[in-house]
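Asker: Protein chains in written order, with our numbering: chain A, 94 to 389; chain B, 94 to 389.
Every residue gets a Cβ at the ideal spot worked out from N, C-alpha and C, and that includes glycine.
Computed from a predicted model, the values in this text were never measured in an experiment.
Here you go, one structure.
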């Protein structure tokens, strides 16, 4: 019986230590370093880096090879949260159970801390020791995949669609398109990079991308459900905010029951995409189920 | 007699065409693309990319090799301006003679357009075709140099110092430290990358870095002088704003005459650093003089 809790603890500890090292090497004891550390080490779930490491394991690679990419993913995810929380964007005051970066520091510092985490992610990717020629080309490719996923054809376009959706009701196709970009792009890139760094075959990559797309959307449906039916204390943030802000969500479009059913369907498809893999895919299988069953 | 105006026109046209191509390849006709194009193609002076190309030429290289790095520099410079102009930062409404990005679009779009240009800069660096193994490692190195210069130990720390300086008077050492990071870091990186991509020797790199540090600071002193004594119509932005905002500037600390003298001294040092180079350094020599004589 695979113990996901143990696995998540173990992997997120590895990620946390690597992130702490990155900040340590970068810091100069300035306010900007404090703000970066405040948000990056605020106890996020580390889903993206864990997916990256698990993808490497699934195809028989060493997850250590993917750790730098995993850390870059988490830095980019955190930067996007800092900017998303800004007054001009979602205007959120609570994140991961703590005041958001612009509340704990100030708005200018939050803008710059986000910028700095994004920049540091790319610095770290470009600083991987490359002892062989193929490795250098490989890290350029990883950098490109991450930049495309995070940029204006990926996550940022998703954020734009999210902003544009305020005050009007999206249909299901629009809602899916928004999430596929806003959260799906980074999740897919996390799995893609992990698998690529572990020398996945083309077929393996295709299966993992299908898995990624399904759990990425399932993750978002589950988030929407938690915002309706979750426990604010366990989540470390307010619930009911989507409805208050008239956000288009799966529960608002489908109702709560049909949303839960949809999340289960997506999880089922994600598991199907893993059928050709052996027991090394157990972490990814367990993660797919965890994503819709989590309480925060 | 070297014709700088012709040179600047020629090089900035090359840069503008390359930037337009980058945007063209990236765009999906969304608002985010419009906002990115609006700010990137607003007619900046292209000083950083031209310095990058001129550095490559100075050491006998082909400036075409440095064009991608030059474009990345300009995208990063533009992103920093967009974020600097935000209400939470400098709250500027005019830039390069046009409404700033958050005025022309909105604040959320400006935050995201800045993020997207920064991300696109790294995508472009990671997308250089690398046909040989050494080239891949070289582009990783270029990416690292640019990320360090743009990040929390470079430009972003300079922006933090600039914000912290509001309402209090810096001394000369603090003012220099702030500018060395805020504008100097990217200028130095522009020359560094251009020279490196043209296979500069260690000694050549050292000379070009000394040149960069001196013109970087001279550029800022000249900017401060223009804010006191410049023509707002020629500059496309308001003057007198530094004094209004009680900013620490060279004219405020030294007076206008001593500031002009200081700028000339820095230019002289920059020219000294170029003494070992032949006539291929003429563009850099002319640029050093232009920087303190420019009207915008």
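Would you mind giving the Cβ-Cβ distance between residue 210 (chain B) and residue 134 (chain B), rounded to the nearest angstrom? I have them listed as a contact below 8 Å.
Answerer: Here residue 210 (chain B) is taken as the residue at index 117 of the second chain, counted from 1. Here residue 134 (chain B) is taken as the residue at index 41 of the second chain, counted from 1. Contact flag wrong, Cβ pair sits at about 11 Å.
Asker: Measuring straight from C-alpha to C-alpha, what distance separates residue 110 (chain A) and residue 384 (chain A)?
Answerer: Position 17 of the first chain, counted from the first residue, corresponds to residue 110 (chain A). Position 291 of the first chain, counted from the first residue, corresponds to residue 384 (chain A). Going from the Cα of residue 110 (chain A) to the Cα of residue 384 (chain A) covers about 24 Å.
Asker: How is the alpha helix (DSSP H) around residue 306 (chain B) delimited, first residue to last?
Answerer: Here residue 306 (chain B) corresponds to residue number 213 of the second chain, with the count starting at 1. Counting along the chain, the alpha helix (DSSP H) containing residue 306 (chain B) begins and ends at 295-322.
Asker: With a CB to CB cut of under 6 Å and the five nearest residues on each side skipped, what residues in its chain are close to residue 332 (chain B)?
Answerer: Here residue 332 (chain B) refers to the residue found at position 239 of the second chain. Contacts found: 320, 323, 325.
Asker: Got a sec? Which residues, its chain only, sit under 6 Å from residue 359 (chain B) by beta carbon, not counting five neighbours each side?
Answerer: The count along the second chain starts at 1 and reaches residue 359 (chain B) at position 266. Hits under 6 Å: 307, 310, 311.
Asker: Quick one: which chain A residues come within Cβ less than 8 Å of residue 244 (chain B)?
Answerer: Within the second chain, the letter at position 151 stands for residue 244 (chain B). By Cβ distance, chain A contributes 119, 209, 212, 213, 216.
Asker: Which same chain residues end up closer than 6 Å to residue 54 (chain A) when comparing Cβ atoms and leaving out the 5 residues on each side of it in sequence?
Answerer: Outside the displayed span of chain A (94 to 389) sits residue 54 (chain A), for which this structure offers no information.
Asker: How long is the line joining the alpha carbons of residue 220 (chain B) and residue 339 (chain B), rounded to whole angstroms?
Answerer: Numbered from 1 along the second chain, position 127 holds the residue referred to as residue 220 (chain B). Numbered from 1 along the second chain, position 246 holds the residue referred to as residue 339 (chain B). The alpha-carbon separation between residue 220 (chain B) and residue 339 (chain B) amounts to approximately 43 Å.
Asker: Going by the DSSP bridge assignment, what does residue 188 (chain A) pair with across the sheet?
Answerer: Working through the first chain from its first residue, we reach residue 188 (chain A) at position 95. Paired residues: A:191.
Asker: Does the beta-carbon of residue 265 (chain B) have 16 or more other beta-carbons within 10 angstroms, so that it is buried, or is it exposed?
Answerer: Position 172 of the second chain holds residue 265 (chain B). Exposed, since its Cβ has fewer than 16 Cβ neighbours within 10 Å.
Asker: Using only alpha-carbon positions, find the residue among A:373, A:305, A:367, A:283 that is nearest to residue 166 (chain A).
Answerer: Working through the first chain from its first residue, we reach residue 166 (chain A) at position 73. For the residues A:373, A:305, A:367, A:283, the minimum Cα distance to residue 166 (chain A) belongs to A:283.
Asker: Just to confirm, is the Cβ distance from residue 214 (chain A) to residue 168 (chain A) under 8 Å?
Answerer: Stepping through the first chain from its first residue, residue 214 (chain A) is reached at position 121. Stepping through the first chain from its first residue, residue 168 (chain A) is reached at position 75. Yes. Within cutoff.
Asker: Which of the residues in the segment 176-188 of chain A, read from start to end, lie with their CB under 7 Å from any CB of chain B?
Answerer: Listed by position along the chain: 176, 179, 181, 182.
Asker: With distances taken between CB atoms, is the gap from residue 289 (chain B) to residue 223 (chain A) smaller than 8 Å?
Answerer: Against the second chain, residue 289 (chain B) aligns to sequence position 196. Against the first chain, residue 223 (chain A) aligns to sequence position 130. Contact: no.
Asker: Identify whether residue 251 (chain B) lies in helix, strand or coil by the three-state DSSP scheme.
Answerer: Translated into the one-based positions of the second chain, residue 251 (chain B) becomes position 158. Helix, per DSSP.
Asker: For residue 370 (chain B), which three-state DSSP category applies?
Answerer: The residue labelled residue 370 (chain B) in the question sits at position 277 within the second chain. Reduced to three states, the DSSP call for residue 370 (chain B) is coil.
Asker: What are the boundary residues of the alpha helix (DSSP H) that residue 344 (chain B) is part of?
Answerer: Sequence index remark: in the second chain, residue 344 (chain B) carries index 251 (1-based). Per DSSP, residue 344 (chain B) belongs to the alpha helix (DSSP H) from 343-347.
Asker: Does any C-beta atom of chain B lie closer than 8 Å to the C-beta of residue 126 (chain A)?
Answerer: Sequence index remark: in the first chain, residue 126 (chain A) carries index 33 (1-based). Residue-level contact by beta carbon holds for residue 126 (chain A) and chain B, with a gap shorter than 8 Å.
Asker: Taking the alpha carbon of residue 304 (chain A) as the point to measure from, which residue in A:159, A:286, A:281, A:293 has its own alpha carbon closest?
Answerer: The residue labelled residue 304 (chain A) in the question sits at position 211 within the first chain. Comparing alpha-carbon positions, the option among A:159, A:286, A:281, A:293 lying closest to residue 304 (chain A) turns out to be A:281.
Asker: Quick one: is residue 261 (chain A) buried, meaning 16 or more other Cβ sit within 10 Å of its Cβ, or exposed?
Answerer: Position 168 of the first chain, counted from the start, is the residue given in the question as residue 261 (chain A). Residue 261 (chain A) comes out exposed.
Asker: As a quick exercise: from A:127, A:164, A:118, pick the residue whose alpha carbon is nearest that of residue 105 (chain A).
Answerer: Start at 1 with the first residue of the first chain, and residue 105 (chain A) comes out as number 12. Closest by alpha carbon: A:164.
Asker: Leaving out five residues before and five after residue 277 (chain B) in sequence, what residues of the same chain have Cβ atoms less than 7 Å from its Cβ?
Answerer: What you label residue 277 (chain B) is simply residue 184 of the second chain in a count that begins at 1. For residue 277 (chain B), where only same-chain residues beyond five positions count, the Cβ hits under 7 Å are 306, 309, 310.
Asker: How many whole angstroms separate the CB atoms of residue 387 (chain B) and residue 299 (chain B), which I take to be in contact at a CB cut-off of 8 Å?
Answerer: Translated into positions along the second chain, residue 387 (chain B) becomes position 294. Translated into positions along the second chain, residue 299 (chain B) becomes position 206. No, residue 387 (chain B) and residue 299 (chain B) are not in contact; Cβ-Cβ is about 27 Å, not under 8 Å.
Asker: What residue range does the alpha helix (DSSP H) around residue 161 (chain B) cover?
Answerer: Residue numbering aside, residue 161 (chain B) sits at position 68 when the second chain is read from its first letter. Per DSSP, residue 161 (chain B) belongs to the alpha helix (DSSP H) from 160-177.
Asker: Locate the alpha helix (DSSP H) running through residue 114 (chain A), then write down its first and last residues.
Answerer: As a position in the first chain, residue 114 (chain A) is number 21, starting the count at 1. Residue 114 (chain A) -> alpha helix (DSSP H) spans 97-119.
Asker: If we count Cβ pairs, one from each stretch, closer than 8 Å, do we get three or more for the segment 194-204 of chain A versus the segment 114-130 of chain A?
Answerer: yes
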